[in-house]
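Just so you know, UniProt numbering puts 66 at position 66 of the sequence shown, and the rest follows in order with no gaps. Glycine included, every Cβ here is placed at the ideal spot set by N, Cα and C. Since this is a predicted model, take the numbers as computed values, not measurements. Below is one structure, written out as structure tokens; the observations come after it.
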Amino acid sequence: MKLIDPILQFQSEIQEIRRDIHAHPELCYEEHRTAEVVANQLTQWGIPVVRGLGKTGVLGIIRNGDSPRAIGLRADMDALPMQELNTFAHTSRHAGKMHACGHDGHTAMLLGAAKYLAQHRDFDGTVYLIFQPAEEGGGGARAMMQDGLFEQYPMEAVFGMHNWPGIASGHFAVTPGPMMASSNEFYVTVRGKGAHAAQPHKGIDPIMTAIQIAQSWQTIVSRNASPLESAVLSVTQIHSGSATNVIPDEATLIGTVRAFSTEMIDLIERRMQTIAQHTAAAFDAEVEFSFKRNYPPLINHAAETAFATEVMRAVVGADKVDAHTEPTMGAEDFAFMLQAKPGCYVFLGNGEGSHRDAGHGLGPCNLHNPSYDFNDELLPVGATYWVRLAESYLKKSA
Numbered sequence: 001m002k003l004i005d006p007i008l009q010f011q012s013e014i015q016e017i018r019r020d021i022h023a024h025p026e027l028c029y030e031e032h033r034t035a036e037v038v039a040n041q042l043t044q045w046g047i048p049v050v051r052g053l054g055k056t057g058v059l060g061i062i063r064n065g066d067s068p069r070a071i072g073l074r075a076d077m078d079a080l081p082m083q084e085l086n087t088f089a090h091t092s093r094h095a096g097k098m099h100a101c102g103h104d105g106h107t108a109m110l111l112g113a114a115k116y117l118a119q120h121r122d123f124d125g126t127v128y129l130i131f132q133p134a135e136e137g138g139g140g141a142r143a144m145m146q147d148g149l150f151e152q153y154p155m156e157a158v159f160g161m162h163n164w165p166g167i168a169s170g171h172f173a174v175t176p177g178p179m180m181a182s183s184n185e186f187y188v189t190v191r192g193k194g195a196h197a198a199q200p201h202k203g204i205d206p207i208m209t210a211i212q213i214a215q216s217w218q219t220i221v222s223r224n225a226s227p228l229e230s231a232v233l234s235v236t237q238i239h240s241g242s243a244t245n246v247i248p249d250e251a252t253l254i255g256t257v258r259a260f261s262t263e264m265i266d267l268i269e270r271r272m273q274t275i276a277q278h279t280a281a282a283f284d285a286e287v288e289f290s291f292k293r294n295y296p297p298l299i300n301h302a303a304e305t306a307f308a309t310e311v312m313r314a315v316v317g318a319d320k321v322d323a324h325t326e327p328t329m330g331a332e333d334f335a336f337m338l339q340a341k342p343g344c345y346v347f348l349g350n351g352e353g354s355h356r357d358a359g360h361g362l363g364p365c366n367l368h369n370p371s372y373d374f375n376d377e378l379l380p381v382g383a384t385y386w387v388r389l390a391e392s393y394l395k396k397s398a
């Protein structure tokens with residue numbers, strides 16, 4: 001690896017910041033303390049700060065030279081509403097809140113890059129440091145954009161990064177095109193007519209109707225979608241009834257749909273609604289259908305992905321970069337930014353969990369697991385990647 005020496009020298013400082021953020025997790029749009037920590041650090045390093053984009057977002061601005069060119073580097077800051085099982089020194093101080101997705105590490109890596117870039121400024125143009133709130137379901141990327149992020153602070157391209165357990169520590173993975181799926185959820189209520197369970201002929205059974213709908217939905221992926229495209233339709237909740245001898249009035253189906261293209265989501269939503277309506281009608285029941293689109297598919301731009309891949313190879317070596325990794329059905333709101341600007345999103349391997357301090361939980365070191373912890377060995381790797389990406393993109397003229 002070709003890590004930047006000054007970043008290695010102040011790694012312990014960045015690690016301390018990371019662990020402080022981990023110990024004080026804040027949920028989406030509540031990242032007031034985290035935003036204050038970020039803004040204070042940037043200010044100490046002489047970096048101008050803009051507050052309030054996307055409510056609790058922070059934007060750092062580092063300029064050098066006279067080029068009008070600009071690049072955006074993005075890190076998310078929010079935590080998850082879950083109880084941490086780790087008991088090491090930097091475990092969460094707030095019950096029911098935890099940095100179980102590594103956003104504390106993402107924030108720290110970008111801060112490490114910010115400190116170096118502010119001190120050395122070996123580029124010509126502007127580097128925008130985007131510290132985003134509310135990735136975990138809150139759509140913070142879209143909120144920052146709606147508050148004028150790209151209009152007020154024009155940038156040619158934007159880049160993001162996420163730690164990824166299961167990939168060897170310090171290795172990178174990326175792919176052009178679809179990298180992560182869209183996230184969507186559905187809520188369907190089937191309304192029948194309640195009756196005594198011993199007299200089903202006097203009612204309209206919403207449970208049997210809901211079961212038929214759920215089973216028929218599975219043919220959408222297997223028979224309506226192209227077998228060359230990936231999609232997931234999962235019914236994750238069925239709620240109905242309260243007694244063994246009562247046929248209830250209603251049954252509710254709840255779940256998620258994932259796919260790598262908007263066209264596929266259009267197809268699935270349309271077929272789900274049609275099947276639900278006609279199946280309910282066949283049972284003399286009624287149905288209320290709601291389909292909520294959360295995050296679009298995250299699609300990496302080819303040119304920016306090729307550029308980022310070369311930077312990754314220069315930092316960690318070609319043997320540690322998977323340039324055609326398998327996409328994941330997980331979702332990420334950086335997808336909104338990639339709809340508006342060219343750019344690339346990459347994974348940085350977090351390892352298998354051997355890095356965790358004594359006192360970690362007994363569960364695996366997976367994202368959204370209560371035994372997870374970010375791998376601090378990645379701090380200089382991610383910070384170096386950010387620096388080299390910005391310097392290469394905004395390369396000074398000879």
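Problem - CB of residue 399 within 8 Å of CB of S240, strictly - result: Examination of residue 399 is not possible in this model, given that the chain is present from 1 through 398 alone.
Handout entry: Short Cβ contact (8 Å threshold) for P133 with M82
Key = Between P133 and M82, the C-beta spacing is not below 8 Å.
Problem - Host beta strand (DSSP E) of G72 (start-end) - result: Here the beta strand (DSSP E) through G72 covers A70 to D76.
Problem - Where the alpha helix (DSSP H) through K115 begins and ends - result: Start and end: H103 to H120.
Practice task
Rounded to whole angstroms, what's the CA-CA distance from Y29 to E391? Just pull it up for me.
Solution key: Distance between the alpha carbons of Y29 and E391: 31 Å.
Practice task
Determine the contact status of T189 and E84, defining contact as a CB-CB distance below 8 Å.
Solution key: If you check the CB distance, T189 and E84 do not come in under 8 Å.
Problem - Cβ-based neighbour list, N369, same chain, cut-off 7 Å, excluding 5 preceding and 5 following - result: A100 and G363.
Exercise for the section: Tell whether a beta-carbon distance below 8 Å holds between V158 and G72. Expected result: Yes, they are a contact pair.
Practice task
Report yes if the CB atom of I7 is closer than 8 Å to the CB atom of A383, and no otherwise.
Solution key: When the beta-carbon positions are compared, I7 and A383 come within less than 8 Å of each other.
Handout entry: Residue burial classification, V232 (beta-carbon count within 10 angstroms, cutoff 16)
Key = That one is exposed.
Handout entry: Selection from K55, A259 and Q44 that minimises the alpha carbon distance to A141
Key = Between A141 and the set K55, A259 and Q44, the nearest pair of CA atoms involves K55.
Practice task
To the nearest angstrom, report how far apart residue 399 and S12 are at their CA atoms.
Solution key: Residue coverage of the chain in this structure runs from 1 to 398, which leaves residue 399 outside it and unanswerable.
Exercise for the section: At 3 residues or longer, and completely inside the segment 168-248: list those beta strand (DSSP E) runs for me, N to C. Expected result: Listed in chain order, the beta strand (DSSP E) elements of length 3 or more contained wholly in the segment 168-248 are 177-180, 182-191 and 231-240.
Practice task
Tell me whether the beta-carbon of G139 lies closer than 8 Å to the beta-carbon of L378.
Solution key: Cβ atoms of G139 and L378: not closer than 8 Å.
Problem - Residue range of the beta strand (DSSP E) that includes L8 - result: Unbroken run through L8 is the alpha helix (DSSP H), D5 to Q9; no beta strand (DSSP E).
Handout entry: Contact under 8 Å by Cβ, A95 with P25
Key = No, the Cβ-Cβ distance between A95 and P25 is not below 8 Å.
Practice task
Answer yes if the segment 247-264 comes into contact with the segment 292-311, meaning at least three C-beta pairs across the two stretches below 8 Å, and no otherwise.
Solution key: Judged by Cβ distances under 8 Å, the segment 292-311 makes contact with the segment 247-264, as three or more pairs qualify.
Exercise for the section: Report the three-state DSSP secondary structure of D66 (helix, strand or coil). Expected result: DSSP, read as helix, strand or coil, puts D66 in coil.
Practice task
Within 10 angstroms of the Cβ of G359, are there 16 or more other Cβ atoms? Answer buried if so, exposed if not.
Solution key: So G359 ends up on the exposed side.
Handout entry: H301 versus I213, G57 and V174, residue with shortest Cα-Cα distance
Key = Comparing Cα-Cα distances from H301 to each of I213, G57 and V174, the minimum goes to V174.
Practice task
Rounded to whole angstroms, what's the CA-CA distance from M329 to G194? Just pull it up for me.
Solution key: The straight-line gap from Cα to Cα measures roughly 39 Å.
Practice task
Can you give me the Cβ contacts of K115 inside the same chain, cut-off strictly under 6 Å, excluding the 5 residues immediately before and after it?
Solution key: W45, listed in sequence order.
Practice task
Using 10 angstroms around the beta-carbon of P68, count the other beta-carbons present and answer buried if the total reaches 16, otherwise exposed.
Solution key: Exposed is the call here.
Problem - Coarse secondary structure for P165, derived from DSSP in three states - result: Assignment of P165 by DSSP, reduced to helix, strand and coil, places it in the strand class.
Problem - Simplified DSSP state of T328, which is helix, strand or coil - result: If DSSP states are grouped into helix, strand and coil, T328 belongs with the strands.
Practice task
For T43, I'd like the list of residues in its chain whose CB is within less than 8 Å of its CB, leaving aside the five on either flank, ordered along the chain.
Solution key: Only V49 meet the Cβ criterion.
Handout entry: Strand pairing of T252, partner residues [DSSP]
Key = For T252, which the question treats as bridged, DSSP gives the partners T189 and H239.
Problem - Same chain only: Cβ atoms within 8 Å of T236, ignoring 5 sequence neighbours per side - result: I254, G255 and T256.
Problem - For S261, three-class secondary structure by DSSP - result: Reduced to three states, the DSSP call for S261 is coil.
Problem - Reference S216, options S242, H278 and H201, closest by Cα - result: Checked all of S242, H278 and H201; the closest Cα to S216 is H278.
Exercise for the section: Measure the Cβ-Cβ separation of A340 and S183 and say whether it is below 8 Å. Expected result: Going by C-beta atoms, A340 is not nearer than 8 Å to S183.
Exercise for the section: Check whether the Cβ atoms of Y385 and M337 lie closer than 8 Å to each other. Expected result: In this structure, the beta-carbon distance from Y385 to M337 does not fall below 8 Å.
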